[in-house]
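Below is one structure, written out as structure tokens, with a few remarks after it.
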Amino acid sequence: MELQSSWLLHTLYAFCFILLLLLLLSPRLALFLYLLRLKLWCSCEICEAYLSLSWAKSFDNLCDWYAHLLKCSPTRTILIHVLGNIITANPENIKYMLKTRFDNYPKGKPFSLILGDFLGRGIFNVDGDMWRFQKNMASLELDRSSIRSYAFEIVRCEIEKRLLPLLVSFSGKEDDDGVLDLQDIFRRFSFDSICQFSFGLDPECLQLSLPLSEFAVAFDLASRISAERAMAVSPLVWKIKRRLNIGSEKKMKEAIRIIDMLAQEVMRQKREIGLSTHKDLLSRFMRTVEDETYLRDIVISFLLAGRDTVASALTSFFWLSAKHPEIRSAVQAEADRVLGPNQEPKSFEQMEQLHYLQAAVYESMRLYPPIQFDSKFCQQDDVFPDGTFVKRGTRVTYHPYAMGRMEEIWGPDCLEFKPERWLRDGVFCSENHFKYPIFQGGFRVCLGKEMALMEIRSVCLSLLRRFHFELVSPYHSTPRFSPGLTSTFRDGLLVLVREKRGS
Ligand code: HEM
């Protein structure tokens, strides 16, 4: 008996030791196993540059390198063999995958596994009937004029009661005391706004003291770790860590516990008070759906969709506008003409009359899309319109960042920031979704597009009319991005703020 138990103990130790060793070697091992599964090795120039990271000698960001490769490809499509990933910047292919053969290009199991713990069965993470149900329910609600005015009220209130006082408090300060990271401010702003809109809950991240909200911290952590899972070379590592409940996966579990508790508490209070008085999305969905876990999942997808994207769009807009005084003046002149000097927009609809502002926002997202690339998985062997063979199971990525840099789509001045390209006789004219898939296109087009545009334009207008922003070094000709699901400036957007006279 003793012999048996000591043998068992030894086996257990040996198992733990091997597991530990595997974890220590895991990134390399995972890469090796992944390559084995996909393709033993590839000595083509692109795969070699990818694996050896030699692309980083010539390009600041991976997306700049991909943009270069896509420009050089005659079909505007490339295949990274070692990743089993087709990347395209060809509008015909994009129309084909997002619309013509939509059913053959779902989000797929690999992504729903990665995001499943955080997003559950939320719209962002499901395909098929479950997606259809949520899309129909959400579209119905988002089309109502009552929700538009609710969104408008939230945004105006967040700007007037929090954003403006905060910037005034920094205005005129010099040196380090006055340096403000606008990217951080925009993330706080968009989190407060999207939480109130979707949940009916105000995390108050943009209070003057710039507090740390437990919910925001948990939400950030869960988003970051989910993004790291998505970027890992193989899912093996995070799956082992999750099974053993260690490291980042342990933190993820704790973050999700906090989010779940809060969601449950909000729902409990809503049921207690009654749903009819509330205007937020969750209260609206609660009238149709009973299952509380499902409700939680639906709303968390909205928070994820509407937070970092809006903050990212605002960050690049202010980065570009700081370098283009003529664009700041044109936005201000239009606002004075349409709304009257120092007058604020009064409704969602009045924002629509600001054509130049809309053009400037579209132009900024053309060059710096909040979602730089987006992937689907091919279900059955297929051939793209440009002749590329797409094998079943291949990850297929469309690349809005590269597309904003294509001469054949935007002309020889494609690298310039020129809002005028969106105007015909002073009227804003949109572009085909498949040439400009910033909000995606086809059947899964972004459901929050109108809300996002209203929010972005409201902030741009209010801040540009009242403040000067001076970029603080170090600044490069192109921003450096952090890896992640949404485009984020690696060093933030550091500025000095000055209030304009008479504002
Ligand atoms: C500038 C801001 C935004 C951009 C650039 C953007 C972009 C996108 C993109 C590219 C997708 C497709 C993602 C995919 O299927 O993988 C998407 C989907 C979605 N977006 Fe947005 N979004 C923005 C803001 C918002 C906001 C504020 C909301 C919520 C109010 C929102 C709600 C959604 C939802 C619910 C989906 C899922 C649609 C579906 O799967 O059918 N988005 N968005």
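Position one of the sequence shown corresponds to residue 9 (my numbering), numbered consecutively onward. For every residue, glycine included, the Cβ atom is placed at its ideal position computed from N, Cα and C. Small disclaimer: the values here were computed from a predicted structure and weren't measured.
- The Cβ atoms of E342 and L362 sit closer than 8 Å to each other.
- Straight-line measurement puts the Cα of P82 at about 42 Å from the Cα of V307.
- Contact between the stretch 293-300 and the stretch 248-268 is absent: fewer than three C-beta pairs spanning the two stretches fall below 8 Å.
- By a beta-carbon distance limit of 8 Å, E166 contacts L214. Their separation comes to about 7 Å.
- Residue pairing by DSSP puts R403 in a beta bridge opposite N93, F385.
- Annotation for R488: D68, R498 place their beta carbon closer than 6 Å to its own, counting only its chain and skipping 5 residues before and after.
- Residue range 85-88 is occupied by the beta strand (DSSP E) that includes T85.
- Sequence-distant partners of F194 (beyond 5 residues in either direction) whose C-beta falls short of 7 Å from its own C-beta, in its chain, are A319, L322, T323.
- Relative to the ligand HEM, A410 has its C-beta separated by 7 Å or more from all heavy atoms.
- Looking only at R474, W327, F442, the smallest Cα-Cα distance to L174 is reached by R474.
- Shown here, R413 sits in coil according to DSSP, grouped into three states, outside any helix or strand.
- Beta-bridge annotation (DSSP): I446 is paired with Q448.
- Rounded to whole angstroms, S383 and T405 show a C-alpha spacing of 4 Å.
- Under the criterion of beta carbons closer than 8 Å, S221 and P211 qualify as touching, at roughly 4 Å.
- Residue environment for E257: buried (at least 16 other C-beta atoms within 10 angstroms of its C-beta).
- Annotation for D316: the continuous alpha helix (DSSP H) segment containing it runs 300-330.
- In the same chain as R374, and ignoring 5 residues on each side of it, the C-beta atoms closer than 6 Å to its own belong to G412, in chain order.
- Between the C-alpha atoms of L472 and Q340 there is a straight-line separation of about 7 Å.
- 8 Å or more divides the Cβ of W430 from the Cβ of E334.
- Following the DSSP letters along the chain, one finds F110 in no alpha helix (DSSP H), marked with neither H nor E.
- Cβ contact annotation for V398 (same chain, cutoff 8 Å, sequence separation greater than five): I94, C386, D389, D390, V391, F392, V404, in chain order.
- With a threshold of 16 other beta carbon atoms within 10 Å, C437 falls short and is exposed.
- The DSSP-derived three-state label of H476 is strand.
- Taking one beta carbon from each stretch, the stretch 136-155 and the stretch 447-462 have 3 or more pairs nearer than 8 Å; the two touch.
- Beta bridge pairing from DSSP links T496 with S490.
- Your pair T85 and T396 checks out as a contact, with CB atoms roughly 5 Å apart and the cut at 8 Å.
- Out of R279, A460, D394, the CA that lies nearest to the CA of E360 is found in A460.
- In the DSSP assignment, E262 falls within the unbroken alpha helix (DSSP H) covering 255-281.
- Shown here for K249: same chain residues with a beta carbon closer than 7 Å to its own, the five before and five after excluded, namely G255, S256, E257 in chain order.
- Around the C-beta of C52, fewer than 16 other C-beta atoms lie within 10 Å, and the residue is accordingly described as exposed.
- In this structure, the beta-carbon distance from V187 to L501 does not fall below 8 Å.
- By the neighbour-count criterion, in which 16 or more other beta carbons inside 10 Å mark a residue as buried, W246 falls on the buried side.
- Only buried fits K426, as 16 or more other CB atoms lie within 10 angstroms of its CB.
- The criterion of a C-beta distance shorter than 8 Å is not satisfied by R152 and F356.
- Counting the other Cβ atoms within 10 Å of the Cβ of P408 gives 16 or more, which makes it buried.
- In the DSSP assignment, R506 falls within the unbroken beta strand (DSSP E) covering 502-507.
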